[in-house]
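Let me begin by presenting the structure, written as structure tokens, before commenting on it.
There are 2 protein chains.
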Amino acid sequence: MFVHRNAQLPAAELPGIVHKTLAGNNLGACRLSVWRQAIEPGAATPPHRHDCEEVVLVQAGRGRLLVDGRSVEFEADSTVVLPAGCDHQITNDGDEPLVLVAAFSATPVGTFTPGGASIDLPW
Amino acid sequence: MFVHRNAQLPAAELPGIVHKTLAGNNLGACRLSVWRQAIEPGAATPPHRHDCEEVVLVQAGRGRLLVDGRSVEFEADSTVVLPAGCDHQITNDGDEPLVLVAAFSATPVGTFTPGGASIDLPW
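For the protein sequence lines, the chains are E and H, in the order given. Using the numbering used here, read the first sequence as starting at 1 and increasing by one per residue. Using the numbering used here, read the second sequence as starting at 1001 and increasing by one per residue.
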């Protein structure tokens, strides 16, 4: 059992994105990872996929999900389920920070470009 | 890929607890479950365990976790990691609703009493 205050965890940054790993193999978990990200207005994740299932809880803001050539809008208090290996990109097309919590069915989380190259994340 | 608004999902109730399943085997996921629960002041989950790992994100309020005979206080913006098979009970000992999001490394989630009897949850 492992309890921690999220404010005490380190943050990492990608362009336009502030990231915190809330649970994972370095934080007491062995089957799950949980991340929280704040994406600035106009910013986006790179197109990518994971080697595990992902569930995204939209905590604040609004955005757009590009997946399999389709674009789907979403807003706060929505949930997105992404199968393992599903290429996707999330863009904040609103005026406020887009705050997401993402749960993954593995730890660590393998992350890849659509072409299959491993993305070495800074966390 | 599956996107839904949480407000459109049905809620279930246990005494003092309002529950929503945000992701799981009936909502597009096959490896993860995600639940959201609001526990009233003074209310508690029954003592129980799961057959999978659980990560609890404390969204609002404060509470107490009883696990393995130990009692640990926690508050909003904390994270709790519970290994598979770990008996636990969560109590809201604050004055406001205790709002939790829980991610599980399986779907459906097997839930059992400390004695090993299956708990048939109403969701």
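Glycine residues also receive a C-beta, built at the ideal position from the N, C-alpha and C atoms.
>> For a contact defined as C-beta to C-beta under 7 angstroms, what are the partners of R49(E) on chain H?
In response: Residues of chain H passing the Cβ test: none, with the nearest at roughly 12 angstroms.
> What in chain E is Cβ-close to N1006(H), meaning under 7 angstroms?
Replying inline: Residues of chain E with a Cβ closer than 7 angstroms to the Cβ of N1006(H) are, in chain order, D77, S78, T79.
>> Distance check for V1080(H) and R1064(H), CA to CA, integer angstroms please.
In response: One Cα belongs to R1064(H), the other to V1080(H), and the distance between them is close to 11 angstroms.
> Out of curiosity, what's the CA-to-CA distance linking G61(E) and G1116(H)?
Replying inline: It is roughly 42 angstroms from the alpha-carbon of G61(E) to the alpha-carbon of G1116(H).
> Apart from the five residues on each side of it in sequence, which residues of its chain come closer than 8 angstroms, Cβ to Cβ, to I17(E)?
Replying inline: Same-chain partners within the cutoff: Q37, A38, I39, E40, A43, T45.
>> Distance cutoff 9 angstroms, beta carbons only. Does A1023(H) sit that close to anything in chain E?
In response: So yes, A1023(H) belongs to the interface.
> Of all the options D1068(H), A1007(H), N1025(H), P1114(H), which has the alpha carbon lying nearest to the alpha carbon of H1019(H)?
Replying inline: Ranked by how close their Cα comes to the Cα of H1019(H), the residues D1068(H), A1007(H), N1025(H), P1114(H) have A1007(H) in first place.
> Buried or exposed: where does A1103(H) fall if 16 or more other Cβ atoms within 10 Å of its Cβ makes it buried?
Replying inline: The residue in question, A1103(H), is buried, as its Cβ has 16 or more Cβ neighbours within 10 Å.
> Do C86(E) and V67(E) have their CB atoms nearer than 9 angstroms?
Replying inline: In this structure, V67(E) lies closer than 9 angstroms to C86(E) by Cβ.
>> Could you pull the DSSP bridge partners for R31(E) from this structure?
In response: The bridge partners DSSP lists for R31(E) come to none.
> chain E partners of S1105(H), CB-CB under 7 angstroms?
Replying inline: Near S1105(H) (Cβ distances below 7 angstroms), the residues of chain E are R31, L32, S105.
> Around the C-beta of I90(E), are 16 or more other C-beta atoms found within 10 angstroms, so that it is buried, or is it exposed?
Replying inline: With 16 or more other Cβ atoms from the protein chains shown falling within 10 Å of its own Cβ, I90(E) counts as buried.
>> Can you pull the chain E neighbours of G1028(H), defined as C-beta to C-beta under 8 angstroms?
In response: Going along chain E in sequence order, the residues near G1028(H) (Cβ under 8 angstroms) are V81.
>> Can you confirm whether E96(E), when its beta carbon is compared against all beta carbons of chain H, has any partner nearer than 9 angstroms?
In response: False, the Cβ-Cβ gap to chain H never drops below 9 angstroms.
>> Using C-beta distances below 8 angstroms, list every residue in its chain close to P1047(H), excluding the 5 sequence neighbours before and after it, in chain order.
In response: Shown here for P1047(H): same chain residues with a beta carbon closer than 8 angstroms to its own, the five before and five after excluded, namely L1066, D1087, H1088, Q1089, T1113, P1114 in chain order.
> Can you tell me whether DSSP reads A1007(H) as helix, strand or coil?
Replying inline: The three-state reading of DSSP puts A1007(H) in helix, counting H, G and I together.
>> Can you tell me which residues form a DSSP beta bridge with I39(E)?
In response: According to DSSP, I39(E) bridges with I17(E), L98(E).
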